[in-house]
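Student:
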Amino acid sequence: MSLDAYRITSEPYYQPHGDEIEIFRAAYDERLPVMLKGPTGCGKTRFVEHMAWRLGRPLITVAAHEDMTAADLAGRYLLEPEGTVWHDGPLTQAVRQGAICYLDEIVEARQDTTVVIHPLTDARRVLPLEKHNEIVSAHADFQLTISYNPGYQSAVKDLKESTKQRFLAIDFSYPPPQVESAIVTRESGADAALADVLVAIGQRSRNLQGHGLDEGASTRMLIHAGRLVRGGLPLATAVQSSIVLPITDNPDVRAALRAAIDACM
Ligand code: ADP
1 MSLDAYRITS
11 EPYYQPHGDE
21 IEIFRAAYDE
31 RLPVMLKGPT
41 GCGKTRFVEH
51 MAWRLGRPLI
61 TVAAHEDMTA
71 ADLAGRYLLE
81 PEGTVWHDGP
91 LTQAVRQGAI
101 CYLDEIVEAR
111 QDTTVVIHPL
121 TDARRVLPLE
131 KHNEIVSAHA
141 DFQLTISYNP
151 GYQSAVKDLK
161 ESTKQRFLAI
171 DFSYPPPQVE
181 SAIVTRESGA
191 DAALADVLVA
201 IGQRSRNLQG
211 HGLDEGASTR
221 MLIHAGRLVR
231 GGLPLATAVQ
241 SSIVLPITDN
251 PDVRAALRAA
261 IDACM
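If you read the sequence shown in this note's numbering, its first letter stands for residue 1, the second for the next number, and so on.
1. Report all residues for which the CB-ligand distance to some heavy atom of the ligand ADP is below 5 Å; order them along the chain.
2. Compare the C-alpha of SER218 against each of TYR28, PRO177, ALA255 and name the closest.
3. Kindly list the residues whose CB is nearer than 6 Å to the CB of ALA109, restricted to its own chain and excluding five residues on each side of it in sequence; keep chain order.
4. Does DSSP classify LYS37 as helix, strand or coil?
5. Identify, in the order they occur along the chain, each residue of the same chain with its Cβ nearer than 7 Å to the Cβ of PRO150, setting aside the five sequence neighbours on each side.
6. PHE172 and ILE146 - do their beta-carbons sit closer together than 8 Å?
7. Can you name, in chain order, every residue of its own chain whose Cβ lies under 6 Å from the Cβ of ARG220, other than the five neighbours on each side?
8. Hey, quick one: how far does the alpha helix (DSSP H) through TYR6 stretch, first residue to last?
9. Just to confirm, are PHE142 and ALA99 a CB contact at a threshold of 8 Å?
10. Which of the three DSSP states, helix, strand or coil, is assigned to HIS118?
11. Let me know if PRO58 comes out buried or exposed under the rule of 16 or more other beta-carbons within 10 Å of its beta-carbon.
12. Please list the segments of the beta strand (DSSP E) lying wholly inside the segment 48-128, counting only runs of 3 or more residues, in order along the chain.
13. Straight-line CA distance for ALA140 to TYR174?
14. Using DSSP's beta-bridge definition, name the partner residues of TYR148.
15. With GLY83 and ALA71 assumed to form a contact (beta carbons below 8 Å), what rounded beta-carbon distance in angstroms separates them?
16. Closest to PRO128 by C-alpha separation, out of ASP104, ARG76, VAL107, ILE106, would be which residue?
17. Looking only at its own chain, which residues have a Cβ that is under 7 Å from the Cβ of VAL136, when we skip the five neighbours before and after it?
18. For the beta strand (DSSP E) that contains GLU20, what are its first and last residues?
19. Just how far apart, CA to CA, sit PRO81 and HIS87?
20. Helix, strand or coil, according to DSSP, for LEU159 in the structure here?
21. If you follow the alpha helix (DSSP H) that ILE261 is in, where does it begin and where does it stop?
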């Protein structure tokens with residue numbers, strides 16, 4: 001199977017806010033596995049798309065979920081008219097053909113998936129396909145990137161120490177205000193003044209983290225609000241729909257968030 005569909009042909013807009021591009025490039029040069037650490041909606045996926053484009057590698061993205069098993073990554077036999085036929089999973093395709101494989105929120109997946117990635121993330125660089133009786137050596141261009149949200153993890157659901165220690169990490173906390181404002185302007189079409197207000201709202205909401213909110217408003221949410229305003233909605237309505245209502249169901253926390261937001265408008 002060709003990986004042409006996974007090639008990124010035009011530059012995904014990415015606004016750097018540190019040395020993440022240099023670090024990722026250096027990691028890729030050494031084919032070291034990378035963990036992008038940060039809250040949801042802060043640019044991790046966009047970053048890996050941008051890097052795959054820069055490096056000229058196809059990108060296979062897999063969003064992990066709690067029912068995901070090792071077979072969903074590695075592959076399985078399927079019953080077809082001519083009998084059972086082996087189908088490579090997305091990770092196996094990336095390993096064989098030299099793509100960057102991005103496992104988004106890998107910690108969501110069942111524990112057996114980590115067993116699959118371990119031999120790929122050390123000097124062996126192999127993917128054992130037990131059910132297919134095969135050990136696949138990684139293509140020279142293959143690289144593994146995962147994302148990890150430190151805010152979500154509980155003691156029961158966390159990456160094992162033996163997994164964590166295999167990865168280089170790049171920190172993706174929220175960008176500084178001027179950078180985030182530029183991103184909101186570019187991605188939502190909001191003017192600079194509106195983007196500044198939205199970024200201030202984002203910062204206020206992030207101050208409520210740990211005081212009723214698990215996480216503050218993401219850059220993605222600020223972009224949504226900007227798009228609604230551009231579409232003609234009043235700012236207060238846009239912010240209510242794109243930030244306040246999605247982020248919490250607790251009436252008291254909503255009131256506190258509303259008050260914090262009103263102070264910015
Ligand atoms: P994550 O993968 O961390 O959940 P995404 O990469 O999907 O988040 O980011 C959400 C949205 O925020 C993106 O679609 C993009 O519009 C915007 N975004 C966030 N950070 C950046 C950035 N540094 N440069 C460009 N766009 C960004």
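Backbone N, C-alpha and C fix where the C-beta goes; we use that ideal spot for every residue, glycine too.
Tutor: Taking the coordinates as given:
1. Every residue whose Cβ sits closer than 5 Å to any heavy atom of the ligand ADP is listed here in chain order: TYR14, GLN15, THR40, GLY41, CYS42, GLY43, LYS44, THR45, ARG46, ILE183, GLU187, THR219, ARG220.
2. That would be PRO177, whose Cα lies nearest to the Cα of SER218.
3. Apart from the 5 residues on each side of it in sequence, ALA109 sits with its Cβ closer than 6 Å to the Cβ of ALA64, MET68 in its chain, given in chain order.
4. Looking at LYS37 - three-state DSSP - the assignment turns out to be strand.
5. Result list for PRO150: LYS37, in chain order.
6. Annotated as distal: ILE146 and PHE172, with beta-carbon spacing of 8 Å or more.
7. Result list for ARG220: GLY41, in chain order.
8. Counting along the chain, TYR6 falls outside any alpha helix (DSSP H), and DSSP gives it neither H nor E.
9. With contacts defined as CB atoms closer than 8 Å, PHE142 and ALA99 qualify as a contacting pair.
10. When secondary structure is reduced to three states using DSSP, HIS118 falls in the helix class.
11. Burial call: buried.
12. Listed in chain order, they are 59-63, 75-80, 83-88, 100-104.
13. Each residue's alpha carbon lies about 33 Å from the other.
14. BP columns for TYR148 point to LYS37.
15. Contact flag wrong, Cβ pair sits at about 19 Å.
16. Closest by C-alpha distance to PRO128, out of ASP104, ARG76, VAL107, ILE106, is ARG76.
17. Excluding sequence neighbours, VAL136 sits near THR92, VAL95, ARG96, VAL126, LEU127, LEU129.
18. Looking at the DSSP string, GLU20 is not in any beta strand (DSSP E); the run it does join, the alpha helix (DSSP H), is 20-29.
19. So the two alpha carbons sit approximately 14 Å from each other.
20. In this structure, DSSP gives LEU159 a state outside helix and strand, which the three-state scheme calls coil.
21. Annotation: the continuous alpha helix (DSSP H) that includes ILE261 extends over 251-262.
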